[in-house]
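Chemist: Chains as they are written, first to last, in the UniProt record's numbering: chain S, 1 to 375; chain G, 1 to 375. The beta carbon of each residue, even a glycine, is placed where N, CA and C say it ideally should be. This one's a predicted model, so the numbers in the text were calculated from it and none came from an experiment. The following block contains the structure, expressed as structure tokens.
2 protein chains.
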Amino acid sequence: MAPIRLGVVGLSAEGSWASRSHLPHLLQSDDYAITALQNSSAEAASRAVAKYQLPGKVACYGSISELVDDANVDMVVVSVKVPHHYELLKAALAAPTKKDVFVEWPLAANLREAEELTGLAAARGVRTMVGLQARQNPSIRRARELVASGALGDILGTTMLGNGLVFGPQVTSDLLYMLPIEHGANLLTIPAGHAIDALCYVLGEFKHLHATLANNRPELSLVDSDGNHVRSVAKSAHDYVAVEGTLLRGGVASVVYQGGSSLTGKDFYWEINGSKASLILEADSGHVQMFHPTLKLATPPSSSHSVYGSGPGPKVEEVLVDKAANLSYNVGLAWDAFVDKGPGSVTTFEDALVRHRMIDAIYKSNETGTRQSYL
Amino acid sequence: MAPIRLGVVGLSAEGSWASRSHLPHLLQSDDYAITALQNSSAEAASRAVAKYQLPGKVACYGSISELVDDANVDMVVVSVKVPHHYELLKAALAAPTKKDVFVEWPLAANLREAEELTGLAAARGVRTMVGLQARQNPSIRRARELVASGALGDILGTTMLGNGLVFGPQVTSDLLYMLPIEHGANLLTIPAGHAIDALCYVLGEFKHLHATLANNRPELSLVDSDGNHVRSVAKSAHDYVAVEGTLLRGGVASVVYQGGSSLTGKDFYWEINGSKASLILEADSGHVQMFHPTLKLATPPSSSHSVYGSGPGPKVEEVLVDKAANLSYNVGLAWDAFVDKGPGSVTTFEDALVRHRMIDAIYKSNETGTRQSYL
Numbered sequence: 001m002a003p004i005r006l007g008v009v010g011l012s013a014e015g016s017w018a019s020r021s022h023l024p025h026l027l028q029s030d031d032y033a034i035t036a037l038q039n040s041s042a043e044a045a046s047r048a049v050a051k052y053q054l055p056g057k058v059a060c061y062g063s064i065s066e067l068v069d070d071a072n073v074d075m076v077v078v079s080v081k082v083p084h085h086y087e088l089l090k091a092a093l094a095a096p097t098k099k100d101v102f103v104e105w106p107l108a109a110n111l112r113e114a115e116e117l118t119g120l121a122a123a124r125g126v127r128t129m130v131g132l133q134a135r136q137n138p139s140i141r142r143a144r145e146l147v148a149s150g151a152l153g154d155i156l157g158t159t160m161l162g163n164g165l166v167f168g169p170q171v172t173s174d175l176l177y178m179l180p181i182e183h184g185a186n187l188l189t190i191p192a193g194h195a196i197d198a199l200c201y202v203l204g205e206f207k208h209l210h211a212t213l214a215n216n217r218p219e220l221s222l223v224d225s226d227g228n229h230v231r232s233v234a235k236s237a238h239d240y241v242a243v244e245g246t247l248l249r250g251g252v253a254s255v256v257y258q259g260g261s262s263l264t265g266k267d268f269y270w271e272i273n274g275s276k277a278s279l280i281l282e283a284d285s286g287h288v289q290m291f292h293p294t295l296k297l298a299t300p301p302s303s304s305h306s307v308y309g310s311g312p313g314p315k316v317e318e319v320l321v322d323k324a325a326n327l328s329y330n331v332g333l334a335w336d337a338f339v340d341k342g343p344g345s346v347t348t349f350e351d352a353l354v355r356h357r358m359i360d361a362i363y364k365s366n367e368t369g370t371r372q373s374y375l
Numbered sequence: 001m002a003p004i005r006l007g008v009v010g011l012s013a014e015g016s017w018a019s020r021s022h023l024p025h026l027l028q029s030d031d032y033a034i035t036a037l038q039n040s041s042a043e044a045a046s047r048a049v050a051k052y053q054l055p056g057k058v059a060c061y062g063s064i065s066e067l068v069d070d071a072n073v074d075m076v077v078v079s080v081k082v083p084h085h086y087e088l089l090k091a092a093l094a095a096p097t098k099k100d101v102f103v104e105w106p107l108a109a110n111l112r113e114a115e116e117l118t119g120l121a122a123a124r125g126v127r128t129m130v131g132l133q134a135r136q137n138p139s140i141r142r143a144r145e146l147v148a149s150g151a152l153g154d155i156l157g158t159t160m161l162g163n164g165l166v167f168g169p170q171v172t173s174d175l176l177y178m179l180p181i182e183h184g185a186n187l188l189t190i191p192a193g194h195a196i197d198a199l200c201y202v203l204g205e206f207k208h209l210h211a212t213l214a215n216n217r218p219e220l221s222l223v224d225s226d227g228n229h230v231r232s233v234a235k236s237a238h239d240y241v242a243v244e245g246t247l248l249r250g251g252v253a254s255v256v257y258q259g260g261s262s263l264t265g266k267d268f269y270w271e272i273n274g275s276k277a278s279l280i281l282e283a284d285s286g287h288v289q290m291f292h293p294t295l296k297l298a299t300p301p302s303s304s305h306s307v308y309g310s311g312p313g314p315k316v317e318e319v320l321v322d323k324a325a326n327l328s329y330n331v332g333l334a335w336d337a338f339v340d341k342g343p344g345s346v347t348t349f350e351d352a353l354v355r356h357r358m359i360d361a362i363y364k365s366n367e368t369g370t371r372q373s374y375l
């Protein structure tokens, strides 16, 4: 089959998420060919072509309208900051010839945009994919299998603790765009959003939830690359996220995501407790869409353990799963799945819309003090 | 000063919480003398006197009315199952001669009873004490001091995970009384109640909270002392407690208490995260009113750590505090505090009433799906 021709928005010669994650996979795949780039200017796009030694003929554009007019593009790949997703996707979905679309998570800056874009994609009949790549993580896929197999018995509850790295006391200039809540790129939507997406991928959606959010640090210190304070900057996005609720398939879920780095060694800690066994997923980073947690299965050694903890303790054994060589591992599994290869799965706009609705429910619950449903 | 003469309800020759916790302290204290016991019968009380070789003359009673009529009793100590607290305290508070009262936590089976008893005690002008003895735990007292000193900076949030031992898949006959929710002696009120009381002792009360409760195991297996199944018994009390909210002094608190024993090593895990440092309290049991957590202080090694986790990790050091020799340690600190000795504190009916109001708010939030306040 001829490779799918990709027009990529956001592959920068200065380095970017796209260059570290998508590019290594796409370059070694026979299923995809990058045929066009759009950057801030055609020259910038050319620099990226040169820098990454992209094979074949690559058209270089400085505007989305040129890219979407290119008949040699089958699929538009949007890998830029969230606030730009809407306009780029809207253009791609209005292209003269139908183009499939990929976009990083979050799909859009808010629910309204996400709904509109999902509707446009459905109306146009194009295929969609969203970078909720925690779903491709080997330990998370294995956890999903174990839960589905009944190995844990009935799910009683699950607790997830994470730190988002962003929204500690300091911020660097490249991340200033995350500070205004209306940009939709923050602790809740990105690190917590990816992690809660993984939770729901493994355990199913919430029946209802409530949330407590806080903006403990309404001012951050903007620092230079040496860590020196430049000036104070205002932040309206939340830096503490607590979500709790009942899962549709049973059990109670509690999620706490904090800004900055953990001092307690809990940058990512997730336990899933069932009537027969528990799972423990741990990682050094709360960005579970990028970093791979270890997976452990904890089982009671004998039935006598359950009588008030008497007898020997539980048995905790690591479940061995593939480890990623680099950031393109999870992303690559999704690209493979898009052409029906490998063990990964495709996450569509519709899937992402469910997650946007959940995030909206979290905001609403925090504002109103009431339990919310989102399905 | 003459010792305070105690009339104790619930000291059994067959062993009891009172015999393991109150008795060892009271026997070695010059401040207290046990002058009367009330058990199921005068004979049962006599057996306890003989079994524990109580010094001096101890009157033995089979009814609370006899005990409260005894002019040689200055203070009535109620250490029996929660469903009996109300009638016993009501009798003690109506005694012909004024008597101070001690009662184990929970003060009563529900908020209505607790309010009535607190009102009666205040009207009678007696001193009260409630066994919320986690407040006496050395690591918890030290955590409170560290928070108050500003060592942690501003409190950003706190997360507490615990297992209650009770309400795993099995139950023994001595704990059957905990199963009906109307008895008010369950996972929420006892292990979680003590632990949340410790949280509020250290960090202050909740501004508002919401809660998700579940009764994942509406039937338990009643087992004999060898762990053999006898029959299934119905349980109406919850076995999963998730509470989340904003603290009055700032920060977000999340608490998860589960039934049974943990398979994940999180029988008690509590972190308190401040803008300058964090505290970690850990124990092998979620009954933090009985077992002493270790206390660790986690600090960032340098300011550079906070820029996206670069540089060396945080420094985690144990804070050394006294360790208890036995179950009478925490209880003893409260008895000492009642006579203005030692570093402990007295927890009054009024203090306990705040905790009862919180528990009522937790139930209401779970039932209505709304955020609740209780102060």
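(1) Sort out for me which residues DSSP pairs M129 (chain S) with in a bridge.
(2) Can you pull the chain G residues whose beta carbon is under 9 Å from the beta carbon of P301 (chain S), in chain order?
(3) Please go through the same chain and pick out, in chain order, the residues whose beta-carbon is closer than 7 Å to the beta-carbon of D70 (chain G), but skip the five residues on each side of it.
(4) Where does T348 (chain S) sit, in a helix, a strand or coil, going by DSSP?
(5) State the Cα-Cα distance for the pair E318 (chain S) and L89 (chain G), rounded to the nearest angstrom.
(6) Could you give the C-beta distance for P343 (chain G) and L333 (chain G), rounded to a whole number, given that I count them as a contact under 8 Å?
(7) When the Cβ atoms of the stretch 179-199 of chain G are set against those of the stretch 152-169 of chain G, are three or more pairs found closer than 8 Å?
(8) Taking CB distances under 8 Å as the criterion, tell me whether Y177 (chain S) reaches chain G.
(9) Give me the residue from S:A211, S:K235 and S:T212 with the minimum Cα distance to P218 (chain S).
(10) If you measure beta-carbon to beta-carbon, which residues of the stretch 347-361 of chain G are closer than 9 Å to chain S?
(11) So, using beta-carbon positions, are A44 (chain S) and V68 (chain S) closer together than 8 Å?
(12) Is it the case that the Cβ atoms of K276 (chain G) and L146 (chain G) are separated by a distance below 8 Å?
(13) Using a Cβ-Cβ distance under 8 Å, would E244 (chain G) count as near chain S?
(14) Starting from the Cα of Y240 (chain G), find the closest Cα among G:N163, G:S278, G:T246 and G:Y177 and give me that residue.
(15) Over what stretch of residues does the beta strand (DSSP E) that includes H208 (chain G) continue unbroken?
(16) Can you tell me the Cα-Cα spacing of H25 (chain S) and Y329 (chain S), whole angstroms?
(17) Where do the N-terminal and C-terminal ends of the alpha helix (DSSP H) with V82 (chain G) fall, by residue?
(18) Are L107 (chain G) and A114 (chain G) closer than 8 Å when you measure CB to CB?
(19) So, helix, strand or coil for E14 (chain G), using DSSP?
(20) Using a Cβ-Cβ distance under 8 Å, would L146 (chain G) count as near chain S?
(21) Assuming S12 (chain S) contacts N39 (chain S) (C-beta within less than 8 Å), just tell me the rounded distance between them.
(22) Quick check: is the beta carbon of N273 (chain S) nearer than 8 Å to any beta carbon in chain G?
(23) Whole-angstrom Cβ separation of T212 (chain S) and E271 (chain G), contact assumed at under 8 Å?
(24) Name the residue from S:L279, S:G227, S:F206 and S:L295 whose alpha carbon lies nearest to the alpha carbon of G251 (chain S).
(25) State yes or no: is the beta carbon of I280 (chain S) nearer than 8 Å to at least one beta carbon in chain G?
(26) Would you mind telling me which residues of chain B sit closer than 8 Å to S41 (chain S), beta carbon to beta carbon, in chain order?
(27) If you measure from the beta carbon of R371 (chain S) to each beta carbon in chain G, is any gap under 8 Å?
(28) Is the number of C-beta pairs between the stretch 188-195 of chain G and the stretch 281-297 of chain G that are closer than 8 Å three or more?
(29) Does the count of Cβ pairs from the stretch 125-142 of chain S and the stretch 339-359 of chain S closer than 8 Å reach three?
(30) Using a C-beta cutoff of 8 Å, does T159 (chain S) count as contacting chain G?
(31) Assuming D31 (chain S) and I4 (chain S) are in contact, meaning their beta carbons sit under 8 Å apart, how far apart are those beta carbons, in whole angstroms?
(32) Sort G:S65, G:R112, G:F167 and G:S149 by Cα distance to A214 (chain G) and report the nearest one.
(33) With H, G and I counted as helix, E and B as strand and the rest as coil, what does DSSP make of residue 410 (chain G)?
(34) Taking only three categories from DSSP, how would you classify L6 (chain S)?
(35) Could you check the C-alpha separation between A42 (chain G) and V9 (chain G) for me, to the nearest Å?
Modeler: The relevant details are as follows:
(1) Within the first sequence, residue 129 (chain S) is the residue found at index 129, counting from 1. M129 (chain S) is bridged to S:F102.
(2) Taking the first residue of the first sequence as 1, we reach residue 301 (chain S) at position 301. In chain order: nothing, as chain G lies at least about 10 Å away.
(3) Numbered from 1 along the second sequence, position 70 holds the residue referred to as residue 70 (chain G). G7, A36 and A59, listed in sequence order.
(4) Locating residue 348 (chain S) in the first sequence gives position 348, where the first residue counts as 1. Secondary structure at T348 (chain S): coil, using DSSP grouped into helix, strand and coil.
(5) Position 318 of the first sequence, counting from 1, holds the residue named residue 318 (chain S). Position 89 of the second sequence, counting from 1, holds the residue named residue 89 (chain G). The alpha-carbon atoms of E318 (chain S) and L89 (chain G) are separated by roughly 53 Å.
(6) Looking up residue 343 (chain G) in the second sequence gives position 343. Looking up residue 333 (chain G) in the second sequence gives position 333. Indeed, because the Cβ distance is near 7 Å, the residues count as touching under 8 Å.
(7) yes
(8) By one-based count along the first sequence, residue 177 (chain S) stands at place 177. With 8 Å as the cut-off, Y177 (chain S) does not count as an interface residue toward chain G.
(9) As a working note, residue 218 (chain S) is residue 218 in the first sequence. Minimum Cα-Cα distance from P218 (chain S) among the listed residues S:A211, S:K235 and S:T212 corresponds to S:K235.
(10) none
(11) Numbered from 1 along the first sequence, position 44 holds the residue referred to as residue 44 (chain S). Numbered from 1 along the first sequence, position 68 holds the residue referred to as residue 68 (chain S). No, the pair does not count as a contact, with Cβ atoms beyond the cut-off.
(12) Stepping through the second sequence from its first residue, residue 276 (chain G) is reached at position 276. Stepping through the second sequence from its first residue, residue 146 (chain G) is reached at position 146. Their beta carbons are not under 8 Å apart, which means K276 (chain G) does not touch L146 (chain G) by this criterion.
(13) Looking up residue 244 (chain G) in the second sequence gives position 244. Nearest CB-CB separation between E244 (chain G) and chain S: below the 8 Å threshold.
(14) Position 240 of the second sequence holds residue 240 (chain G). Selected option, being the one with the closest Cα: G:N163.
(15) Position 208 of the second sequence, counting from 1, holds the residue named residue 208 (chain G). Residues F206 to A214.
(16) In the first sequence, the residue the question calls residue 25 (chain S) occupies position 25. In the first sequence, the residue the question calls residue 329 (chain S) occupies position 329. Going by the C-alpha atoms only, they are around 8 Å apart.
(17) In the second sequence, the residue the question calls residue 82 (chain G) occupies position 82. Unbroken run through V82 (chain G): none, as it is neither H nor E.
(18) Locating residue 107 (chain G) in the second sequence gives position 107, counting from the first residue. Locating residue 114 (chain G) in the second sequence gives position 114, counting from the first residue. Contact flag set, yes.
(19) By one-based count along the second sequence, residue 14 (chain G) stands at place 14. E14 (chain G): coil per DSSP, three-state reduction.
(20) Numbered from its first residue, the second sequence carries residue 146 (chain G) at position 146. Not one chain S Cβ lies under 8 Å of L146 (chain G).
(21) Mapped onto the first sequence, residue 12 (chain S) falls at position 12. Mapped onto the first sequence, residue 39 (chain S) falls at position 39. Confirmed, about 6 Å.
(22) Position 273 of the first sequence holds residue 273 (chain S). It does: the Cβ of N273 (chain S) has a partner Cβ on chain G nearer than 8 Å.
(23) Here the question's residue 212 (chain S) lines up with position 212 in the first sequence. Here the question's residue 271 (chain G) lines up with position 271 in the second sequence. About 17 Å; that fails the 8 Å criterion.
(24) Position 251 of the first sequence holds residue 251 (chain S). The option with the nearest alpha carbon to G251 (chain S) is S:F206.
(25) Stepping through the first sequence from its first residue, residue 280 (chain S) is reached at position 280. Yes, I280 (chain S) counts as interfacial toward chain G.
(26) In summary, chain B is missing from the structure at hand, where the protein chains are S and G.
(27) Position 371 of the first sequence, counted from the start, is the residue given in the question as residue 371 (chain S). Answer yes: the Cβ-Cβ gap between R371 (chain S) and chain G drops below 8 Å somewhere.
(28) yes
(29) Touching, yes.
(30) In the first sequence, the residue the question calls residue 159 (chain S) occupies position 159. So yes, T159 (chain S) belongs to the interface.
(31) Residue 31 (chain S) sits at position 31 when you count from the first residue of the first sequence. Residue 4 (chain S) sits at position 4 when you count from the first residue of the first sequence. That belief holds up - the Cβ atoms of D31 (chain S) and I4 (chain S) are roughly 6 Å apart, short of 8 Å.
(32) As a working mapping, residue 214 (chain G) is identified with position 214 in the second sequence. When each option's Cα is compared against that of A214 (chain G), the closest is G:F167.
(33) In the structure as shown, chain G begins at 1 and stops at 375. Residue 410 (chain G) is therefore absent and cannot be evaluated.
(34) Working through the first sequence from its first residue, we reach residue 6 (chain S) at position 6. Strand at L6 (chain S).
(35) Here the question's residue 42 (chain G) lines up with position 42 in the second sequence. Here the question's residue 9 (chain G) lines up with position 9 in the second sequence. In a straight line, the C-alpha of A42 (chain G) is about 12 Å away from that of V9 (chain G).
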